[in-house]
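Heads up: the sequence lines are chains A and B, in that order.
Here the first sequence is numbered in the numbering used here, starting from 1 and rising by one per residue.
Here the second sequence is numbered in the numbering used here, starting from 1001 and rising by one per residue.
Everything on this sheet refers to the single structure shown next.
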Amino acid sequence: MKPTHHLSDEWLIDYAAGAAPEPVSVLVATHLALCPDCRASYRRLEAIGGALLEVASPVAVGAAARESVLARLDDPVPIPAAMPTPPANFPSQLPRPLRDYVPNGLAALSWQRLGRGAAIAWLRCASTTPYKMLMLRIAAGGSVPRHTHRGNELVLVLQGAYVDHLGRFGPGDVAIADDSIDHRPIADKGEDCFCLAVVDAPIRFTGVFSRLLNPLLRR
Amino acid sequence: MPSDMQHVNQRHAERRLAGEGAPRLPAGLAAAALAGPAKAPVETGVWAESTIDPDRFAALLKAVAAKRDRAAFATLFDHFAPRVKAYLIRLRTEPAVAEELMQEVMLTVWRRADGYDPTRAGVATWIFTIARNRRIDTARRDRRPELDPSDPALTPEPSPLADAVVLAGEWEQRIASAIGELPPEQAQMLRLAYFEDRSHSDIAALLHLPMGTVKSRLRLAIGRLRSKFENVP
Ligand SMILES: [Zn+2]
């Protein structure tokens, strides 16, 4: 099943150009794994990098450097690190770019409740950018408290589906929100909904009771 | 770590400086816009004429993969090594480090030649991705998770994109010749993204532009280039 909500060009460009911060890279690469359409666009965006490389005015390379490379062609090739085996528990289908960040499976993350129907778990990464990465779990039929954003928020559905005023988001779909959006996602009744989210500023909860949750998200 | 902090601060300082110094370019100087502000710690760039011959490069790389052809590799080296070095220097890599990294990139080209798939990317694009990833490994704390084409979790392509895929090398050539025709403010967006490590939000902050303006310029640039590889006869 192909996603219907896609990443917009600027996010794909950030990743193709190599300018995306790590959390954004994780989300974009995971969406690409799930979305053949964006993979096709992405290949063209990488081709822009190739074209720019081609038209960049060359900088002279010393004869010594050239000799050194040619002399090392027969050196033994370093063995690439083995791919870690995917975690045994759900989700078995976690795309490769995400696996390193959830090495022991989703259940092993330290989940923090977010109202009655949802929970979040922060994912660690080395990045020093303002972007943070988290997993969001919305229980079947449950919802995330109503909230607005003070920056960018990208949400990628990995399993299950949710509905908000923008539509229905299923596996592989990406929702891109900014500070203009005040929304309250509700998960389908059939199964829990798991999402990868990337935020560049704290989310702010706007419901009367859920304002109490704000300190939880300030990190 | 203090040294990292220093590095980060320095980067921010450079960004601010670059923002203040961002030149207003007369129309029609797309190539000059791509060459970057005069302050850039690099050669005053005149962008070279594109010399891509996709079939020739692909054939050379194939000879490297199939026959370990050193002469073919040397030809690729002479063409691409100076460009990879230019790319790395543009991205504020110290010249000595750039020369070192360039060597590693070119050795990777030799070693991974059999992994090159001409239906997915042109040779310049493939080498660009190697250089991009190598630089990120070295220069940034950020990791860059890669898309793994052999990932069992990958949603398969619905059908082979026959028309689009076969012409991967062709795209490069068409894009390279179209880049010089972009309006300067659009070309500048691409230069900042691909050759200066700026995300679209960085670009907005750097140039004091609303995010919407940056997005629309990027999309216009991509739209123009896209028309070059979609109207393939
Ligand atoms: Zn997509």
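Each residue gets a CB set at the ideal place from its N, CA and C atoms; glycine is no exception.
Check: Selection from A:Asp100, A:His183, A:Asp37 and A:Ser110 that minimises the alpha carbon distance to A:His147; Outcome: A:His183
Check: Near ligand 1: B:Pro1082 beta-carbon under 6 Å from a heavy atom; Outcome: no
Check: Beta bridge counterpart(s) of A:Tyr162 as assigned by DSSP; Outcome: A:Phe169 and A:Ala187
Check: Per-residue DSSP class, three states only, for A:Cys125; Outcome: coil
Check: Residue nearest to A:Arg7 in terms of C-alpha spacing, selected from A:Leu34, A:Ser68, A:Leu136 and A:Trp111; Outcome: Residue identity check: residue 7 of chain A is Leu in the sequence provided, not Arg. Minimum Cα distance to A:Leu7 is reached at A:Leu34.
Check: Cβ separation of B:Pro1082 and A:Val28, assumed to be a contact under 8 Å, to the nearest whole Å; Outcome: Contact doesn't hold; Cβ gap of about 31 Å is too wide.
Check: 8 Å contact criterion, which A:Arg150 and A:Ala197 should meet: CB distance rounded; Outcome: Going by Cβ atoms, the distance from A:Arg150 to A:Ala197 rounds to 14 Å, so no, they are not a contact pair.
Check: Endpoints, beta strand (DSSP E) assigned at A:Leu134; Outcome: Lys132 to Ile138
Check: Cβ pair count under 8 Å reaching 3, the stretch 157–175 of chain A against the stretch 107–118 of chain A; Outcome: no
Check: A:Cys195 - containing beta strand (DSSP E), residue span; Outcome: Cys193 to Val199
Check: DSSP-derived helix/strand/coil call for A:His147; Outcome: strand
Check: Helix, strand or coil at A:Gln93 [DSSP, three-state]; Outcome: coil
Check: Cβ pair A:Ala56, B:Ala1086 closer than 7 Å; Outcome: yes
Check: Interface flag, B:Thr1119 vs chain A, CB-CB below 7 Å; Outcome: no
Check: Any heavy atom of ligand 1 within less than 6 Å of residue CB: hits in chain order; Outcome: A:Pro3, A:His6, A:Leu7, A:His31, A:Cys35, A:Asp37 and A:Cys38
Check: A:Arg137, buried or exposed, once every other Cβ within 10 Å from all chains shown has been counted against 16; Outcome: buried
Check: A:Leu52, DSSP secondary structure in three states; Outcome: helix
Check: Contact under 7 Å by Cβ, A:Tyr220 with A:Leu52; Outcome: Residue 220 of chain A cannot be examined here, being either before or after the span of chain A that is shown, 1 to 219.
Check: Proximity test, Cβ basis, 7 Å: A:Val69 and chain B; Outcome: yes
Check: Bounding residues of the beta strand (DSSP E) (the contiguous stretch that carries A:Ala175); Outcome: Val174 to Ala177
Check: A:Ala118 (DSSP reduced to helix, strand or coil); Outcome: strand
Check: DSSP three-state assignment for A:Glu153, whether helix, strand or coil; Outcome: strand
Check: For B:Thr1075 and B:Phe1057, the rounded distance between their alpha carbons; Outcome: 9 Å
Check: Sequence-distant residues of the same chain with beta carbon closer than 8 Å to B:Val1165, five excluded per side; Outcome: Caution applies to B:Val1165, whose pLDDT of 49 falls short of 50 and renders its modelled position unreliable; the model cannot decide the point.
Check: Contacts that A:Gln93 makes with chain B (C-beta to C-beta distance below 9 Å); Outcome: Pro1152 and Ala1153
Check: Expected contact under 8 Å - CB spacing of A:Met133 and A:Pro23 to nearest Å; Outcome: 4 Å
Check: Three-state secondary structure (DSSP) of A:Arg39; Outcome: helix
Check: At least three beta-carbon pairs within less than 8 Å, the stretch 1140–1151 of chain B to the stretch 1209–1216 of chain B; Outcome: no
Check: Minimum C-alpha distance to A:Ser152 - residue among A:Ile176, A:Leu166 and A:Ser143; Outcome: The residue you asked about is not Ser; residue 152 of chain A is Asn in the sequence shown. Of the candidates A:Ile176, A:Leu166 and A:Ser143, the one whose C-alpha sits nearest the C-alpha of A:Asn152 is A:Ile176.
Check: Own chain partners of A:Trp122 with C-beta closer than 6 Å, once the 5 adjacent residues on each side are dropped; Outcome: Leu134
Check: Euclidean distance between Cα positions of B:Leu1107 and B:Glu1172; Outcome: 22 Å
Check: Inter-residue spacing [alpha-carbon to alpha-carbon] between A:Ala64 and A:Ile13; Outcome: 36 Å
Check: Simplified DSSP state of A:Arg113, which is helix, strand or coil; Outcome: strand
Check: Nearest candidate by alpha-carbon position, reference A:Gly49, set B:Ile1203, B:Asp1197 and B:Thr1138; Outcome: B:Asp1197
Check: Bounding residues of the alpha helix (DSSP H) (the contiguous stretch that carries B:Ile1202); Outcome: For the record, residue 1202 of chain B in the displayed sequence is Asp; it is not Ile. That run of the alpha helix (DSSP H) goes His1200 to Leu1207.
Check: Cα-Cα separation, A:Thr30 to B:Ile1089; Outcome: 30 Å
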